[in-house]
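Residue numbers (my numbering): 9 to 99. Note that CB positions come from ideal geometry on N, CA and C, so glycine has one too.
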């Protein structure tokens with residue numbers, strides 16, 4: 009199912025937002041890989057303390073996060089704002 013059609017999002021907006029999302033994901037993956045132990049077979053092992061921390065964060069609703077954790081999410085939202093502002097100014 010093409011969700012883009014469900015929301016009638018213009019292709020240009022969809023592609024701009026998708027590019028930002030890919031950059032966000034790529035940045036996270038690079039960070040994650042840097043935190044891990046690289047095994048001889050090429051696999052990665054996430055340290056137990058990070059697994060615990062990230063599991064708790066993933067299972068916590070946004071509004072129950074610490075302000076530091078919320079600020080991290082807010083920083084990511086700011087990456088989307090120029091694209092959305094430009095789009096809204098041109099509709």
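The three-state reading of DSSP puts residue 86 in helix, counting H, G and I together. Residue ranges of uninterrupted alpha helix (DSSP H) with 4 or more members, entirely inside the stretch 17-99 and ordered along the chain, are 19-43, 56-66, 75-97. Each of 99, 92, 97, 98 was checked against the Cα of residue 22, and the nearest Cα belongs to 92. Taking 8 Å as the cut-off, the beta carbon of residue 44 is found closer than this to the beta carbon of residue 54.
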